[in-house]
Amino acid sequence: MLHVFTNFDGAPPEGRVLRNATNFFAVKAFSETDSEALRLEIGIENDADSPTPIELEINWPSTQFSDLRDCFYWKPERSREWTPVVGQTIPGRSTVKLDIPSGWGLFCLQPRYGVDDLEQYVFRLKSEFLVCDSFGESEYGRQLLLLRIGNPDGKRFLFTARNHPDESAGSFCIEGMVNFLLSADPLAQWARREMSFQFMPMTNPDGVADGMSRYSSPTGADMNRTPDWNRTHRPGYQEDPVLNACFGLYEQLQPHYFINLHSNLLRFEDTICAADVSVLDRFIHFMPDQTEYGKTWTRVVDSMPDTPTGYCVEKFGTIPLLLKLPWFMRNAEIMRETGRKILTSIILSSVQP
Ligand SMILES: [Zn+2]
Numbered sequence: 213m214l215h216v217f218t219n220f221d222g223a224p225p226e227g228r229v230l231r232n233a234t235n236f237f238a239v240k241a242f243s244e245t246d247s248e249a250l251r252l253e254i255g256i257e258n259d260a261d262s263p264t265p266i267e268l269e270i271n272w273p274s275t276q277f278s279d280l281r282d283c284f285y286w287k288p289e290r291s292r293e294w295t296p297v298v299g300q301t302i303p304g305r306s307t308v309k310l311d312i313p314s315g316w317g318l319f320c321l322q323p324r325y326g327v328d329d330l331e332q333y334v335f336r337l338k339s340e341f342l343v344c345d346s347f348g349e350s351e352y353g354r355q356l357l358l359l360r361i362g363n364p365d366g367k368r369f370l371f372t373a374r375n376h377p378d379e380s381a382g383s384f385c386i387e388g389m390v391n392f393l394l395s396a397d398p399l400a401q402w403a404r405r406e407m408s409f410q411f412m413p414m415t416n417p418d419g420v421a422d423g424m425s426r427y428s429s430p431t432g433a434d435m436n437r438t439p440d441w442n443r444t445h446r447p448g449y450q451e452d453p454v455l456n457a458c459f460g461l462y463e464q465l466q467p468h469y470f471i472n473l474h475s476n477l478l479r480f481e482d483t484i485c486a487a488d489v490s491v492l493d494r495f496i497h498f499m500p501d502q503t504e505y506g507k508t509w510t511r512v513v514d515s516m517p518d519t520p521t522g523y524c525v526e527k528f529g530t531i532p533l534l535l536k537l538p539w540f541m542r543n544a545e546i547m548r549e550t551g552r553k554i555l556t557s558i559i560l561s562s563v564q565p
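No gaps in the numbering here: position 300 of the sequence shown is 512 in this note's numbering, and each next residue is one more.
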């Protein structure tokens, strides 16, 4: 017998799964916005001894991006890696068939990386080179983590992920960056001695845990915008302590480089956005198109006003980079490796004359 379950962080609220036949389930995906519905995280359990086929019909609250919602990811409980599952899509609806082995697993539009995954990752990291602090608490009592590695007197590099809670790619990238920096690799050893690295691996823990796509809650903040922008552009906006804590930390850190990690569902393009074309060129020199995963860089020159990076450009002369890294043709290990490449490329491009 198959069961679809949603009683975990990141899953849609209760009452959105309907069993239409023994092996056929209709799921109503949740989004707090009308436009961006790019998140689905459900659990599937098979309590039989042998694999059982399941058919899922996923109904989305919007038709925007419908053509991109045909590639999903499946991870059985004992597997460390996600496997892509390709289904079919029509406006507002995706359908998928797959075989569920005995036991349970997670089925997601983008591989799940929850608050619990971050806590377990950080808990397992034991290194004399790492300092882990909390710089505040979210509205629902979740810790805001800051990981620091390197020489506090060196050039300061700040990395942030999960401004947008559905974009799990950034979390996997940061694992790859931190793993590399704590390693015995000669570049990592040199960078630890010469430079200062700060990671804010999850700037929107409430949104991640509560299944949001873009904001921290239905009336909460867009963490990729300034407090002023949220006050003037979000109808019904309620002050978010996390947003204010993040901006307090940006003030304190005054980074030389600010790398803000995002994602989307595009298949064949990675996007890189910087305020200056020479920064783009230098970075791409060290990190060319990842053609092995079907990707070509789309370059955007923009100082990104109203965003955290734009704020730091204006106040501290920070060099900003915003990266959008979609999953298509990548898995978790490849995303960690992509993170490592981003980190080494920004290190190397920063020391070029
Ligand atoms: Zn984003």
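Positions of the beta carbon are idealized from the N, C-alpha and C atoms, including for glycine.
- For E481, the enclosing beta strand (DSSP E) has its first and last residue at 481-486.
- Shortest gap from the CB of E244 to any heavy atom of ligand 1: 7 Å or more.
- I361 has its alpha-carbon roughly 6 Å from the corresponding atom of S408.
- L318 carries a strand assignment under DSSP once its states are collapsed to helix, strand and coil.
- Beta-bridge partners of L473 (DSSP): A373, L535.
- Taking 8 Å as the cut-off, the Cβ atoms of G388 and R552 count as close.
- Across the set L537, V239, N271, Q564, the C-alpha of L537 shows the shortest separation from the C-alpha of S380.
- S350 is positioned such that its CB atom lies closer than 8 Å to that of V454.
- The beta carbon of T438 sits closer than 6 Å to the beta carbons of D518, Y523 from its chain, once the five residues preceding and following it are set aside; these are given in chain order.
- Residue pairing of Q355 in beta bridges, as defined by DSSP: E349.
- Taking non-hydrogen atoms of ligand 1 into account, the C-beta of H468 is found less than 7 Å away from none of them.
- Excluding the 5 residues flanking it on each side, V298 has same chain C-beta neighbours closer than 7 Å at D282, C283, in chain order.
- Distance between T508 and D501, taken at the CA atoms: about 5 Å.
- One Cα belongs to S490, the other to T521, and the distance between them is close to 17 Å.
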